[in-house]
Amino acid sequence: MTRGKGVRRPPQTRAAHASGTVPGLMDWYRDSGRHSLPWRFSRDPYVVLVSEVMLQQTQVSRVIPAYGAWLVRWPHVFCLAAASQGDVIRQWSGLGYNRRALNLQRAASALVAAGAESVPVDPAILITLPGIGRYTAAAVASFAGEMPVPVVDTNIGRVLARRYLGLGSVRDASPSRLWQLAAELLPAAGPAAREHNLALMDLGATLCRSAAPSCGSCPVASSCSWLLAGRPVPTAGTSVGPRFETTDRFARGRIIDALRRGPHSFDSLVALLPSPHSAQTGRLLSGLEQDGLVVRAVRGFWTLPGDD
Ligand code: SF4
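In my numbering, the protein residues as written are 1011 to 1318.
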């Protein structure tokens, strides 16, 4: 993300927002927050970690059933640590970005191997685990541990960028500035900080959307810097990626889906991939093997790890 140029910045000083949450935000959150999301009812850091890893790149509607099924199968970090990687990847079906499943299992294994009896809530420990970045570590610390730590995901970042910095897009703000701002706004008490973080997140997810924000219904509209500045156009362009079916991610997903059903020979994997991916089967398998998502089994067959 880069900071935008040429955007009129309404005056926002540290003193202007030092008192914390914007008036009106928490009332709106009490009435309109996404309180029914199943992971919101839990303070179990394992449960919150599972939900956060699933939500990293997958929509809420797809995560809800997968999250429930995962916790039925592996209700505790010990259970996940003991699971086979093949089963974990199979269970991840429908969520995409399968490396997340593997990293979640690796994180559980690392914790149990180190003698942990549960997932910690200390972000300094969490961030050392596979697949856990700054956001996920902070989210577990705040949402499960009620620690007074700032949390910045895309939704929160967008609200902060617009409301406080007058920028139209989260990509116009530097990540370090957004984290600094989130820290400055944070209530001192952990439970209040948790609610504040969730309120900003829900505002970004439901009203302050990337395209066509619902400013007319927004509880902070009267003090929104972006709105008051006349909605300056974002300077960071939106990048249009290639069609999904043309990407390696699509082809890798097809291979993993096939191996979820059982071992496949190289030739059968070539046959199931559409052109031009089929000609790239060897390269795709090498990449998946490097990521630990597939293994070579006997007689030239390919399987998920643990299935060989
Ligand atoms: S007024 Fe509009 S742009 Fe500003 S925070 Fe609310 S929804 Fe976002």
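Note that beta-carbon positions come from the ideal geometry of N, C-alpha and C, so glycine has one too.
Tell me whether W1236 counts as near the ligand SF4, meaning its Cβ is closer than 7 angstroms to at least one heavy atom of that ligand.
True, at least one ligand heavy atom lies under 7 angstroms from that Cβ.
Considering only the alpha carbon of each residue, which of D1097, S1052, C1089 lies closest to L1112?
D1097
If you follow the alpha helix (DSSP H) that F1260 is in, where does it begin and where does it stop?
1258 to 1271
Alpha carbon of S1179 to alpha carbon of A1092, nearest angstrom:
Cα-Cα distance, rounded: 43 angstroms.
What do you get for R1253, buried or exposed, if any count of 16 or more other CB atoms within 10 angstroms of its CB means buried?
Its Cβ having fewer than 16 others within 10 Å, R1253 is exposed.
Taking V1243 as the reference, which of S1233, R1116, G1176 has the closest Cα?
G1176
Mind checking H1045: buried by the 16 CB within 10 Å criterion, or exposed?
exposed
CB P1133 to CB V1162, shorter than 8 angstroms?
Cβ distance not < 8 angstroms, so P1133 and V1162 don't count as in contact.
For S1220, verify whether its CB is less than 7 angstroms away from any heavy atom of the ligand SF4.
no
Could you check if Q1300 is buried or exposed, using at least 16 other CB atoms within 10 Å of its CB as the buried criterion?
exposed
Residues bridged to T1245 [DSSP beta-bridge criterion]
The partner list for T1245 (beta bridge, DSSP) is empty, contrary to what the question assumes.
Can you tell me which of S1128, L1213, D1258 puts its alpha carbon nearest to the alpha carbon of L1283?
D1258
Is V1304 closer than 8 angstroms to T1313 when the C-beta atoms are compared?
Contact flag set, yes.
Report the residue ranges of all beta strand (DSSP E) runs contained in full by the segment 1041 to 1127; include only those spanning at least 3 residues, in chain order.
none
Comparing the CB of V1230 with every heavy atom of the ligand SF4, is any distance shorter than 7 angstroms?
It does: the Cβ of V1230 is within 7 angstroms (strictly closer) of some heavy atom of the ligand SF4.
Under the assumption that V1150 contacts P1055 (Cβ atoms under 8 angstroms), give the Cβ distance between them as a whole number of angstroms.
5 angstroms
Let me check you understand the geometry: is the CB of S1224 closer than 7 angstroms to at least one non-hydrogen atom of the ligand SF4?
yes
Would you say the beta carbon of R1110 comes nearer than 7 angstroms to a heavy atom of the ligand SF4?
no
Could you tell me whether any non-hydrogen atom of the ligand SF4 is closer than 7 angstroms to the CB of R1072?
No; taking the cut-off as 7 angstroms, the Cβ of R1072 has no heavy atom of the ligand SF4 nearer than that.
Please report the residue range of the beta strand (DSSP E) in which T1313 lies.
1311 to 1313
Taking DSSP as the reference, what is the three-state secondary structure of L1303?
Looking at L1303 - three-state DSSP - the assignment turns out to be coil, as it is neither helix nor strand.
My output table needs one value for S1233: the three-state DSSP class, helix, strand or coil.
helix
Tell me the rounded alpha-carbon separation between A1231 and Q1190.
22 angstroms
Nearest-angstrom Cα distance between G1106 and M1064?
9 angstroms
Between the segment 1195 to 1213 and the segment 1036 to 1053, do three or more beta carbon pairs fall short of 8 angstroms?
yes
Return yes when the Cβ of T1146 is within less than 8 angstroms of the Cβ of Q1066, no when it is not.
Yes, Cβ-Cβ distance for Q1066 and T1146 is below 8 angstroms.
So, helix, strand or coil for S1184, using DSSP?
In the structure shown, S1184 sits in coil (DSSP, three-state: anything other than H, G, I, E or B).
Enclosing alpha helix (DSSP H) for F1276 [first to last residue]:
1276 to 1282
What's the C-alpha gap between L1114 and A1120?
10 angstroms
Tell me which residues share the same chain as S1288 and place their Cβ nearer than 6 angstroms to its Cβ, disregarding the 5 neighbours each side in the sequence.
V1280
Would you mind giving the Cβ-Cβ distance between I1265 and L1294, rounded to the nearest angstrom? I have them listed as a contact below 8 angstroms.
Separation of the CB atoms of I1265 and L1294 is rounded to 6 angstroms, and the pair is thereby assigned contact status at 8 angstroms.
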